[in-house]
Structure formats: structure tokens, C-alpha cells
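Novice: Below is one structure. I have some questions about it.
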Amino acid sequence: MSQDRPTVFLVEDNAADVFFVRTALESQGIGRDVLVVADGEKAIAFVETIDADPEVRCPQVMLLDLNLPRATGMDVLRRVKKSARFADVPVIIVTSSDAAIDRAEATSLGANGYFLKPQNLAEYMKLGLVVKAVL
Amino acid sequence: MLIGSVISFWNLRNVDRRVAVVSITEQRLTAVLRVNNGLLMLTNRLNRAAEGRDPGRFKAEAQKWLLVFQTETLQATATLREIPSVNGSEKFIVDSLSEVVQDLPERVATLGDLASAGDWVALNARLANQVDHTDDVAEALMREADLGLSQVRQRVFEEISHAEYQAGQILAVTAILSFLIAAILGIVVTRSITRPLSALGAGARALAEGDFNYRVTRIGTNELANLAAVFNQTAGKLDDLYSRLRASEARFRSLIENASDLILLMSESGEFLYASPSSYRVLGYSPGLLVGRSIREFVLAEEESIVDQLFSSTNLTLNKDHRFELYFRHADGSLRLLDGIVANLLTNPTVAGILINARDMSERRKAEQALENTNEALRRANDDLSVFAYCASHDLQEPIRNISLYCQMLQREYSGRLDSQADEFIEQVIGGAARMSGLVKDLLAYLHVSDSNADSAAPLVPVALAVTQALSNLESSVQSTHATVLYDDLPAVAAEPVHLQQLFQNLISNAIKYRSAEAPHVRISARAVNGYWCFSVKDNGIGISPQYANSVFRLFKRLHGRGEYPGTGVGLAICQKIVERNGGRIWVESEPGVGSDFRFTFPQGQQPTTTAI
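Heads up: the protein sequence lines correspond to chains P and D, in order. Its first residue numbered 1250, the first sequence is counted upward by one per residue in the numbering used here. Its first residue numbered 51, the second sequence is counted upward by one per residue in the numbering used here.
Okay, here's the thing in C-alpha cells:
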């Protein structure tokens, strides 16, 4: 991973969504350094690694799905916001849940954005613009 | 008796009067006797003076005794005049005496002359004649007086005898009359007192024996008759009271005898004193098989403590009702769950027992258990449904979305590089995925309405606010179709704001979607009807045929092909669900080619607000 390129930390278990997120990021030229983990526990483990080892580079943005195996997206977000190094990293929720309660909880836990996975490809591609805006 | 007294008084008065007459006659006789004595004395003195043959002395004696005689006679005359006349003889006597007094001085003078002449022979002859004459007069007077006295005495005796006779008659008549009066009084008393009293006594005995129909014959108009009237009145009231009491007793007995509940009267030790006929139906024992036995014979050993507690002195002295549940062994050996109330009526002299009112809850308990099981199953089903809804919203949507996205990717990357049929297939897959996604979303919305609690406890929401928010969501379609949506003053109703918004959004959306050639025109209004707000969402769209007026609210019901109007057929079903969950109803009045008027009601919460466009 290069130091000068933005690093995106994507927590997503669905391979299709990983593909479309990557496509959206690439459409904005920021899809090359994407670190993907497929479950909540691994995401939390990565955050703890960041906290434990200052040598490990901290990502510049985190894209977080809510419906994850082992630990939910909210659990991950909660841990992130307790992290010494990760707390300031912008977190964008990328989910198919349109539930108001999820939006409210994510906001209260400090999420910086809420992107509802669309069914329309063009709409999906707008995620690239959203990520670019927070970098 | 009064007449007898009057007659007796009259007779006595007559006798008294006769006695007075006797007294008067005796006075008169006395007066006459005095004159007679005076005359005899005069005659006697004159005879004695004549014996002396001294003319001087004779004259002197004659004058002296004449004066005395005159004085006596005048006094007697005066006395006679004073005596009341009785029979008229008084006048004769007085006249005779007056005549004697008048004649006597002349005769005495004649005698004096004869004495002076010394003719003593003539004088003695004259004197003898004088004496004879005087005797005649005196005798006449005496005879007269005696006669009067005798007559009067005779009359007195006769009248006394008559009075005695009359008195005897009166006494006899009085005695007879007294007897008759006593007899009549006896009869009257018997009739007026004894008989009514006897009748009253008979009436009292009849009442004592429970004959409240007995009435005493009213005799006369006296106090006893009034008493009889009061007695009859009282007996009538008692009869009425007793009749009502009997009716009431019969009613209550009928209630108990026909009660489906078990009614038992127990002794303090738990023995059956009474059991209602329902005991046979409920427990399988006729009342006769229960009375005298202890309730402990019929309960489970482990539940005897419940019986002990019910009949414990502590509970009984509290004198209040106790509820219990107890298994009772039916005559067929099965156990029946009795739910009842125990009331201590030991101190009530008319009951003197412990009253138990119970019913067989076995079937009901089974039904309750079955209902509880059903409810539990329903709860599990609802939970499953919630899980399904969650899965559908996340897991089910995801593959659909992936299919759609990949197809769009294919379309974007390979459009025109495959043959035209492949492009169409890809298009169809994208369209199908979109419809499936829409269906799932609408179905989730419908389930969300069903799954939520009723909105009756929800706060009042201004309907105009919900309409405004709905219009905000529909802004693009409103603008693109040049739709006009107007609404009047709309009230506030108790509903979840999101449901109210969805309701109006679906209806307005339909009005725009099913528009006619003209620009859509939607009018929303509300009016109060019988405690409800009746809303109207009226459009100028294509309308609905009357035969579909009810079916349009069914889930997934669509009247048009997808080629004409897109949709899932869930929108109006959601509207119906929202309205009905809030205690209202929804219907449509429509005419094809003219427009539709969707109407629905909400219970009134408050007066309309003044919110307007």
C-alpha cells in the first residue's frame, strides 16, 4: 500500500457489494488501496491491531456494512469510536437497511455518512463521490 | 222510668196538696171550735149570772163575756179568712160566724132587758133558746168543718192509696222495663262488642295460622268496626307482602334450583347441608347423595389444606367472601376444577351455614389453556414473521439487488456486443428484479402496519401535516404531471404519524398514477359524522368500475396490466390496514371516466384545526 494514496477500509461480507464498492471507488480513482474484511470480529481485530501497533498505517476512510457475521456493524463502530487512533477516521455506513432506528443509532455512535445500497447501478456508483468528499 | 217517676212525683204532689188541705181544714175546725167554745162559755156564764138573779151583775157579766166572745169570734173569723179556700165551705162558716157576732149583742141586750125587768123566767127561756140556737150554729159549723175534714181526709187516703197503687204499678213496670232494657242492652252489647271481638279473635287466629286471605266482617260503624276495617287492611297488606315474599322466595328458589352454578350450604365442619340440583350435572351426585357427607371425601388429599383453610375459624370469623379453586372428584372418577366463593352465613339465622357458590371450570380451563397455547403459537408465528420481515428486508433484498446490479453491469459493459435478444433478456431480468424488490418493500410496509400496535393510544396528529409530508415525498410526480392537490381545514386524529403520512401518500400517489388525459386534480376534505371524521380524497382520474370497489383493497389486487400502470397491488391494502387499525373503515365511490372518491373514517379526537394550504 502506498503512503500517498488514500486507503479505504471496507467491512463487507457480500462479495457482490465488494465488487460494486470497488467499481464505485475506481470510478473516482480511489479504488486501488482498499482493505476488505468480511466479518465484524476481523474488523474489530484490525482496529485493535491499529491501536496496539503504531507502525501499522491507519486507513483514511472506513466503509462499514451493518449486517455482518460474528459482530455487527454497530459493534465495530462502537469499538472504532473508542480507538485512540481510529476514532477520527471517517466512517460511512454502507447498508441495505433503510430502518430509521439503524440510521439513528449509527448517527449517535458517530458515523459520518449513511449510504443506502441502491438497486440502480448508477446510484451505486455515486458512493465513489461520497467517499471522495470525506477524504 | 222517667214517666213512672213523673207519675209518682205527681201523686206525691197531690197527696201533699191533700195533706195541706187537711191541715187547712183542721185549722178551720180549730177556729170553729174556738168560736164554739167561746159561745158555750158565754152561754154558761150567762146561765150562771142568771142564777144570781141580779140584773146588774147579769148585765155586767153579759157584756164582759160578750166582749170576750166577740173578740174570740173576730179572731176566728180573721183566721178563717186567712185560711186558703178549699171547697167553698169557708164562706158559709165565716158568714155564719159574722151573723152570730152581729146578732149576739142584740140578743144579749134583750137578755139584759129581761134581767132588768126581772123576768128571769123569760130570760132563762130565752137563754135556753139562745143556747139551743148557739148549739145549732156551733153544731152546724162543726158538722160543716168535720164534713170538710172527713172529705179531705177521705180524699187524702184515696189519693195515698192511689199513689201507692200507682207506685206499685210503676215499680212493676219499671222492673219489667229494666229487665227489658237490660235484655236489649245485653243483645246490643253482644252484637256490638262481643261478636266483633269474637270475629277479630277468629281473624287473629286465621292470621296466626297463615291464612292471609281471611277478612273480618265489618259490623256497625263503631270503634270495633273501625278496628275490623284496620284489621282487614292490615291483613290485606300482609297478604300482599306475603304474596310478594312467596313470589320472591319462589323466584330465588327457582334461580337456585335452575342455576347452572353449584350452590352448596355447608356446616362449620364441612358437611353438606344443602346442594342445588345442579350438583348432579356438575359433580355427578344428586343432592341427596351429598347432604350429610363431608366435602373432604371428595377432594384430593393434597388439597385438603385448601378445605381446612376455607373452613378455618380465622377465615370464618373474618366474615368475608373467600375465593378458591379446588379439584373435586366427580362421581365418574374424573377430577373437576371448581372455582367458587365461600361466604360465612353462620350467624344469619335464616341460613345458618357456609354458602359456597362454585362452577366447573374444567372445560373453561382447558379452553383457556388451548387459547394460551394458540396465543403462544401466534406469538411464535409473529416472532417468525418479524424474523422473516427482517430477513426479507436485508437478506432477501440483497440477492435481488445483486441480480439487478449485475444485470445492469452487464447492460453497461456488454450492451450492443451481444445480440438484441440478449439485451432484452437482460432488460427483463433488471425489470423483474426491480418489481420483486418493490414487492418485498411493499410487503414489508404492509407487515410493518400489521405488526405495529393499534394507533388508538397514539398522540393526535394534524392531518394537514401528514398531507404536507406526503406531498413532499411525491413532489417530483406532482410536478411532472402538473397535478393540483388542494385540501380544506383538516382535523387532527390519533394515529402514528408515519402511518397517516403513508395513507395519504398512497392515495394521492394513486390519484396521480391513475390519472386521465387531464392533469390530475385531487381534493382532500373532512367532515364530522357521528363521532368520526370522514375524510375524502377525490380525484378526476380514470375511475374504478363498481364491481371492483371492494376488491381494490385486497392485497396484491391489481386492475391493470403492468404495461399500463406499474404497481404491486399492496398500496390500498396498506391504506385499509392503517384505517382499520385505527378504528375506522375505508371505501371508494367511483365512476369510470369521471374519477374516484376514496373515503375513510377516523374516530374523532378534537375539533378541526384551521390549517390550510
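All C-beta atoms, glycine included, are put in the ideal place defined by N, C-alpha and C. Being a predicted model, the structure only gives us computed values, none of them experimental.
#1: Mind reading off the beta-carbon distance from E1261/P to A1287/P? Whole number of angstroms is fine, and I expect it under 8 Å.
#2: Given a threshold of 16 other Cβ atoms within 10 Å of its Cβ, counted over all protein chains shown, does P399/D qualify as buried or as exposed?
#3: Mind checking if L1366/P is an interface residue toward chain D, Cβ cutoff 8 Å exclusive?
#4: Give a yes or no on whether 8 Å exceeds the smallest Cβ distance from Q419/D to chain P.
#5: In terms of residue numbering, what span does the alpha helix (DSSP H) encompassing F554/D cover?
#6: Looking at the secondary structure, which residues open and close the alpha helix (DSSP H) in which L468/D lies?
#7: So what's V69/D in DSSP terms, helix, strand or just coil?
#8: With burial defined as no fewer than 16 other Cβ atoms inside 10 Å of the residue's Cβ, what is the status of G338/D: buried or exposed?
#9: Taking beta-carbon pairs under 8 Å, can you tell me which members of the region 1305 to 1339 of chain P lie near chain D?
#10: Quick check on the burial criterion: 16 or more other C-beta atoms within 10 angstroms. Buried or exposed for W583/D?
#11: Put L295/D into one of helix, strand or coil per three-state DSSP.
#12: Listing by chain order, which chain P residues have their CB less than 7 Å from the CB of N452/D?
#13: Write down the C-beta distance between L609/D and V620/D rounded to the nearest angstrom, noting that I regard them as a contact closer than 8 Å.
#14: Using three-state DSSP, classify M411/D as helix, strand or coil.
#15: Within its chain, find whatever has a CB closer than 6 Å to the CB of Y324/D; leave out the 5 residues flanking it on each side and keep chain order.
#16: Have a look at the DSSP bridge pairing and note the partners of S646/D.
#17: Under 8 Å: do the region 100 to 119 of chain D and the region 141 to 149 of chain D share three or more Cβ pairs, one atom per stretch?
#18: Can you tell me which of the three DSSP states I404/D falls into?
#19: When burial is assigned at 16 or more other CB atoms within 10 Å of the CB, is T267/D buried or exposed?
#20: Under 8 Å by Cβ, that's how I've got V150/D and T123/D pegged, so tell me the actual separation to the nearest angstrom.
#21: Shortest alpha-carbon distance to I636/D belongs to which of E189/D, A599/D and V535/D?
#22: In the DSSP assignment, what residue or residues form a beta bridge with D389/D?
#23: Distance check for A222/D and R78/D, CA to CA, integer angstroms please.
#24: If we ignore side chains and look at the alpha-carbon of each, how far apart do A520/D and S1332/P end up?
#25: Are the CB atoms of I624/D and A544/D within a distance shorter than 8 Å?
#26: Would you kindly report the start and end of the unbroken alpha helix (DSSP H) that includes G313/D?
#27: Taking buried to mean at least 16 other C-beta atoms within 10 Å of its own C-beta, is L235/D buried or exposed?
#28: Kindly list the residues whose CB is nearer than 7 Å to the CB of E568/D, restricted to its own chain and excluding five residues on each side of it in sequence; keep chain order.
#29: Determine, for R373/D, whether the minimum Cβ-Cβ distance to residues of chain P falls below 8 Å.
#30: Out of L1384/P, L1378/P, E1354/P and A1360/P, state which residue places its alpha-carbon closest to the alpha-carbon of A1336/P.
#31: Give the DSSP bridge partners of M1311/P, in chain order.
#32: Answer yes or no: does any C-beta atom of chain P fall closer than 8 Å to that of M459/D?
#33: In chain D, which residues lie less than 7 Å from Y1373/P when you measure between Cβ atoms?
#34: Restricting to Cα atoms, I'd like to know which of R241/D, F229/D and A278/D is closest to A252/D.
#35: Grab me the residues of V1379/P's own chain with a C-beta within less than 7 Å of its C-beta, minus the 5 sequence neighbours each way, in chain order.
#36: What residue does the beta strand (DSSP E) around K588/D start on, and which one ends it?
Specialist: Walking through what the data contain:
#1: Correct: roughly 7 Å between the Cβ atoms.
#2: Counting Cβ neighbours within 10 Å, P399/D comes out exposed, since fewer than 16 surround it.
#3: Before going on, a small fix: residue 1366/P reads as Lys here, not Leu. Cβ-Cβ to chain D under 8 Å: yes for K1366/P.
#4: Q419/D does not count as touching chain P.
#5: Boundaries of the alpha helix (DSSP H) around F554/D: P547 to K563.
#6: No alpha helix (DSSP H) contains L468/D, which DSSP labels as neither H nor E.
#7: Helix at V69/D.
#8: With fewer than 16 Cβ atoms within 10 Å of its Cβ, G338/D is classed as exposed.
#9: Correct list: N1316.
#10: Result: buried.
#11: Reduced to three states, the DSSP call for L295/D is helix.
#12: Those within 7 Å of N452/D in chain P are A1265.
#13: That belief does not hold up - the Cβ atoms of L609/D and V620/D are roughly 14 Å apart, past 8 Å.
#14: Coil at M411/D, not helix or strand.
#15: Result list for Y324/D: L315, in chain order.
#16: DSSP output for S646/D lists S640/D as bridge partner(s).
#17: Contact between the region 100 to 119 of chain D and the region 141 to 149 of chain D is absent, because fewer than three Cβ pairs lie under 8 Å.
#18: It is a strand residue.
#19: T267/D comes out exposed.
#20: So it is a contact: roughly 7 Å between Cβ atoms.
#21: Ranking the options by Cα distance to I636/D, first place goes to A599/D.
#22: Answer is E375/D and R409/D, bridged to D389/D.
#23: Going by the C-alpha atoms only, they are around 40 Å apart.
#24: The straight-line gap from Cα to Cα measures roughly 42 Å.
#25: Not in contact: A544/D and I624/D (Cβ atoms no closer than 8 Å).
#26: At residue 313/D the sequence reads Ile, which differs from the Gly that was named. Not the alpha helix (DSSP H): I313/D falls in the beta strand (DSSP E), residues L312 to M316.
#27: So L235/D counts as exposed.
#28: Excluding residues within five positions, the ones whose Cβ falls inside 7 Å are N590.
#29: At a cut-off of 8 Å between C-beta atoms, R373/D does not count as an interface residue with respect to chain P.
#30: Measuring from the Cα of A1336/P, the nearest candidate turns out to be A1360/P.
#31: Answer by DSSP bridge pairing, in chain order: F1258/P and V1340/P.
#32: Interface residue, yes.
#33: The contacting residues are L455.
#34: The alpha carbon of A252/D has as its nearest neighbour, out of R241/D, F229/D and A278/D, the alpha carbon of A278/D.
#35: Around V1379/P: I1341, G1362 and F1364.
#36: Its beta strand (DSSP E) spans residues Y582 to K588.
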